[in-house]
Amino acid sequence: MSRLRGIMLAICASACALTGAGASAARPPAERIVTLAPHLAELTFTAGAGKRIVGTVEYSDHPAEARSIPRVGDAFRVDLERLIALTPDVVLAWHSGTPRALIERIEGLGLRVETLETQRLADVATVLRTIGEIAGTEHEADAAAAAFERDIEALRRAYSGRPKLRVFVQIGEHPLYTVNGRQIMSELLELCGGENVFARLPELAPAVSIEAVIAADPEIIVVADDVTGEPLALWRKWRSIAAVRTRNVYSVEADDVSRATTRLIDGARELCRTLDTARARRTRAAH
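Numbering (the working numbering), first residue to last: 2 to 288.
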């Protein structure tokens with residue numbers, strides 16, 4: 002199972018179990034921070050508090066400085082003895098991903114836990130500002146949040162009039178997985194003028210069959226996973242799918258379109274350019 006798909010499936014298991022705590026008022030700035038998700042470590046750096054991270058989890062690899070931070074576990078399992086030894090002022094947990102039982106165990110140790118949600122684009126700016134409040138780096142955090150909001154809005158305006166495209170997002174191959182309309186990748190598609198053909202499915206990262214994709218007949222297939230090789234290879238024989246007939250099957254960097262950080266701007270720009278290429282091919286195929 003790929004890293005992206007594994008994380009998505011774990012979100013499905015815990016998304017409804019957590020209640021966000023939010024930043025607490027009237028506390029001194031946190032000097033020692035532990036982050037329990039890779040994107041929270043990255044957002045803490047963006048908020049100007051990266052040097053205060055004393056512990057994080059596996060796959061916290063951006064920016065480069067994050068790679069040398071001591072690990073306390075992964076996004077779903079934590080070595081509590083190691084965590085206690087770091088004497089954190091605050092532990093930043095992922096609202097949709099960190100297991101509720103783990104949060105309760107950490108709180109039971111007397112440690113402060115703040116749960117932060119990053120399921121939608123707007124959440125990125127909100128969490129940046131919250132981390133700024135927690136760490137006392139409000140000025141830098143607010144500047145980064147405002148820049149992200151401006152860039153997202155600029156893309157929204159630029160692509161608001163583009164012809165719609167039916168899109169299938171592939172995040173796994175064996176078995177085949179996708180995302181529903183509540184996942185941040187689906188929101189990026191909407192930003193670029195795309196329509197997720199499986200937006201209405203109830204699970205965040207549902208398994209789908211080849212037959213279901215054929216029935217949905219997407220005009221473009223976007224592969225956002227650790228799939229190796231040519232992205233069209235899996236689909237080449239299914240020429241009844243519009244995306245296959247027009248060779249509108251593309252791969253994008255999974256991290257840039259799935260990790261809820263300010264790098265989503267880079268992913269959104271790449272995705273929008275990809276959809277523009279698909280529109281041009283669709284137009285040529287129609288003539």
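The C-beta atom is built at its ideal place from N, Cα and C for all residues, glycine as well.
Using C-beta distances below 6 Å, list every residue in its chain close to residue i, excluding the 5 sequence neighbours before and after it, in chain order.
| i | result |
| --- | --- |
| threonine 99 | Leu37 |
| cysteine 273 | Tyr160 and Cys193 |
| glutamate 196 | Lys165 and Arg167 |
Between the Cα of residue i and the Cα atoms of the options, which residue gives the shortest distance?
| i | options | result |
| --- | --- | --- |
| proline 207 | Arg282, Pro39, Leu177 and Ile70 | Leu177 |
| arginine 78 | Ile54, His175, Leu103 and Leu166 | Leu103 |
| leucine 87 | Pro71, Ser97, Ala261 and Glu191 | Pro71 |
| histidine 175 | Asp226, Asn249 and Gly111 | Asp226 |
| proline 89 | Leu272, Trp95 and Leu81 | Leu81 |
| alanine 234 | Leu272, Val250 and Ile172 | Val250 |
| arginine 101 | Arg83, Gln120, Thr119 and Ala76 | Ala76 |
| arginine 28 | Thr131, Arg151, His140 and Lys165 | Thr131 |
| leucine 117 | Ala261, His140 and Ala287 | Ala261 |
| isoleucine 182 | Ser210, Trp239 and Gln120 | One detail in the question is off: residue 182 reads as glycine in this sequence, not isoleucine. Taking only the C-alpha atoms, the option nearest glycine 182 is Gln120. |
| threonine 179 | Ala94, Ser69, Ser259 and Glu271 | Ser259 |
Are the beta-carbon atoms of residue i and residue j separated by less than 9 Å?
| i | j | result |
| --- | --- | --- |
| valine 92 | valine 114 | yes |
| isoleucine 153 | leucine 122 | yes |
| glycine 49 | glycine 133 | yes |
| arginine 280 | arginine 163 | yes |
| valine 55 | alanine 42 | no |
| leucine 1 | glutamine 184 | Beyond the ends of the chain as shown, which are 2 and 288, falls residue 1; an answer cannot be given. |
| arginine 53 | alanine 31 | yes |
| aspartate 218 | serine 241 | yes |
In whole angstroms, what separates the C-alpha of residue i from that of residue j?
| i | j | result |
| --- | --- | --- |
| glycine 194 | proline 64 | 30 Å |
| phenylalanine 46 | glutamate 231 | 35 Å |
| valine 214 | valine 245 | 11 Å |
| aspartate 256 | arginine 285 | 31 Å |
| valine 170 | valine 73 | 32 Å |
| threonine 278 | alanine 243 | 15 Å |
| glycine 173 | histidine 96 | 24 Å |
| alanine 147 | glutamate 139 | 12 Å |
| lysine 238 | valine 209 | 18 Å |
| aspartate 267 | threonine 275 | 12 Å |
| arginine 248 | isoleucine 211 | 17 Å |
| arginine 158 | leucine 44 | 25 Å |
| arginine 151 | glutamate 254 | 23 Å |
| alanine 287 | glutamate 271 | 25 Å |
| leucine 112 | alanine 216 | 51 Å |
| aspartate 62 | leucine 110 | 28 Å |
| glycine 94 | serine 69 | Reading the sequence as shown, one finds alanine at residue 94 and not glycine. If I take the Cα positions, the gap works out to 20 Å. |
| tryptophan 236 | arginine 83 | 46 Å |
Less than 8 Å between the CB atoms is what I'm expecting for residue i and residue j, so what's the real figure, rounded?
| i | j | result |
| --- | --- | --- |
| valine 168 | valine 198 | 7 Å |
| alanine 136 | isoleucine 34 | 7 Å |
| leucine 189 | leucine 265 | 7 Å |
| leucine 202 | alanine 269 | With 8 Å as the limit, leucine 202 and alanine 269 do not qualify as a contact, their Cβ atoms being about 23 Å apart. |
| glutamate 220 | leucine 166 | 5 Å |
Can you list, in chain order, the residues of its chain whose CB lies under 7 Å from that of residue i, leaving out five sequence neighbours each side?
| i | result |
| --- | --- |
| glutamate 108 | Val114 |
| threonine 263 | Thr47, Val125, Ala145 and Phe149 |
Using a Cβ-Cβ cut-off of 8 Å (strictly less than) and excluding sequence neighbours within five positions of residue i, which residues of its own chain qualify?
| i | result |
| --- | --- |
| serine 252 | Val223, Val224, Ala225, Val228 and Pro232 |
| alanine 200 | Asn181, Gly182 and Ser187 |
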